[in-house]
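Okay, structure first, notes after.
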Amino acid sequence: MTVTSSSPAQHSPAQADESDRQTAVDKALMLLKSLAELDGEIGVSELARRTRLTKSTTFRLLGILHRNDLVERAGSDYRLSPMLFDIGARVYGPTPPLLQELLMPHLADLYEFTHETVHLAVLHETDVVYVNKIQGHRAIRTPTRIGARLPAYCTAVGKALLSFDHDAAEAAIVDGFTPHTEYTCTDPDLFRTELARVRRDGVAYDRQEAVLGLTCVAVPVMGSAGRPVAALSVASADHRFEPARVTPALRRAAYDAARTAGAALCWPAAASGLSRMPAA
């Protein structure tokens, strides 16, 4: 997708003063953040307009970023380089990349059974980070991508993980719930009740709480001491999705994934945790 603009950038005196106070590093980071908000490529003029930088400054900094493999060119446009994804994967330590590689076969098995969008996610403070994702031809548009973060309280994977992490759940409540849709739970007591149910049943749901029209079901991948190391989910369009149909396969995938993670990462799968993941 190429983004173009026919109107030149307009800068007020106040904006010009602010631009003068910014260092070259500040401006380069602005460019990277703006590129990260896009789904495709963007031209220099439009990027300059979005970041309120001059076209010449934008062009010069993009050249520096390109020489350092942080952005890449697509004709006359620019986009983020894959190197940034490699750097970003290390923000959360070594575990997510290891999980991404180890559990990919189980995610693939889950996709083969459901032919719906499937996710692998981990908890980072009160957010979920999507470690892996597979989607097919019927995929509904989702706000998720590998490396992306979303508030845990409004996602199925997030609730699956928060239900076993009391401190993180309470921190999310203290931070407050911003409603993403009319279905987002914003009541602390109802949220605690929902997490208790998830902990009891081993299955979490997002019924259009993050995005209208999108429903998800998730199961934790249990590690040592009955605590999850990740969560798996299946997502689809609300009007045609039957979570109960895919839940047995989701449980089986999480059970197998827990055994793989436990054996490879020296996280012995606790019997109390795995007992929550019955076979399909």
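Numbering of the sequence shown is given in this note's numbering, commencing with residue 1043 and proceeding in unit increments.
Using N, Cα and C, we set each Cβ at its ideal position, and we do this for glycine too.
Here the structure is a predicted model, which is why all the values come from computation and not from measurement.
Under the three-state DSSP convention, the category residue i falls into
i: residue 1254; result: coil
i: residue 1247; result: strand
i: residue 1209; result: helix
i: residue 1230; result: helix
i: residue 1285; result: helix
i: residue 1088; result: helix
i: residue 1176; result: strand
i: residue 1182; result: coil
i: residue 1224; result: coil
i: residue 1136; result: Bear in mind that a pLDDT of 48 at residue 1136, under 50, signals an unreliable position, so the number given afterwards is only what the model happens to contain. Here residue 1136 sits in coil by DSSP.
i: residue 1094; result: coil
i: residue 1155; result: helix
i: residue 1218; result: coil
i: residue 1304; result: helix
Under 7 Å between C-beta atoms of residue i and residue j
i: residue 1237; j: residue 1214; result: no
i: residue 1194; j: residue 1169; result: yes
i: residue 1253; j: residue 1296; result: no
i: residue 1144; j: residue 1302; result: yes
i: residue 1150; j: residue 1199; result: no
i: residue 1257; j: residue 1243; result: no
i: residue 1083; j: residue 1121; result: yes
i: residue 1202; j: residue 1286; result: no
i: residue 1182; j: residue 1160; result: no
i: residue 1245; j: residue 1156; result: no
i: residue 1114; j: residue 1278; result: no
i: residue 1069; j: residue 1103; result: yes
i: residue 1196; j: residue 1251; result: yes
i: residue 1119; j: residue 1085; result: yes
Through-space distance from residue j to residue i, alpha-carbon basis
i: residue 1224; j: residue 1206; result: 26 Å
i: residue 1165; j: residue 1174; result: 13 Å
i: residue 1055; j: residue 1096; result: Confidence in residue 1055 is poor, its pLDDT being 48 and thus under 50, which makes the residue's placement too unreliable to answer from.
i: residue 1227; j: residue 1261; result: 19 Å
i: residue 1222; j: residue 1147; result: 32 Å
i: residue 1235; j: residue 1275; result: 21 Å
i: residue 1099; j: residue 1124; result: 23 Å
i: residue 1266; j: residue 1300; result: 10 Å
i: residue 1239; j: residue 1271; result: 19 Å
i: residue 1167; j: residue 1247; result: 20 Å
i: residue 1153; j: residue 1090; result: 40 Å
i: residue 1088; j: residue 1064; result: 20 Å
i: residue 1232; j: residue 1209; result: 17 Å
i: residue 1142; j: residue 1171; result: 12 Å
i: residue 1304; j: residue 1140; result: 12 Å
i: residue 1093; j: residue 1072; result: 7 Å
i: residue 1341; j: residue 1268; result: Past the boundaries of the shown model lies residue 1341; the chain is included only from 1043 to 1322, so the question cannot be answered.
i: residue 1126; j: residue 1219; result: 30 Å
i: residue 1241; j: residue 1106; result: 50 Å
i: residue 1230; j: residue 1066; result: 44 Å
i: residue 1282; j: residue 1186; result: 20 Å
Where the beta strand (DSSP E) through residue i begins and ends
i: residue 1275; result: 1270-1279
i: residue 1161; result: 1159-1166
i: residue 1104; result: Taken as a continuous stretch (DSSP letters only), residue 1104 belongs to no beta strand (DSSP E), being part of the alpha helix (DSSP H) at 1097-1109.
i: residue 1122; result: 1119-1122
i: residue 1114; result: 1113-1116
Opening and closing residue of the alpha helix (DSSP H) in which residue i lies
i: residue 1190; result: Neither: residue 1190 is in no alpha helix (DSSP H) and is coded neither H nor E.
i: residue 1203; result: 1198-1204
i: residue 1073; result: 1066-1078
Strand pairing of residue i, partner residues [DSSP]
i: residue 1171; result: 1164 and 1191
i: residue 1260; result: 1246 and 1275
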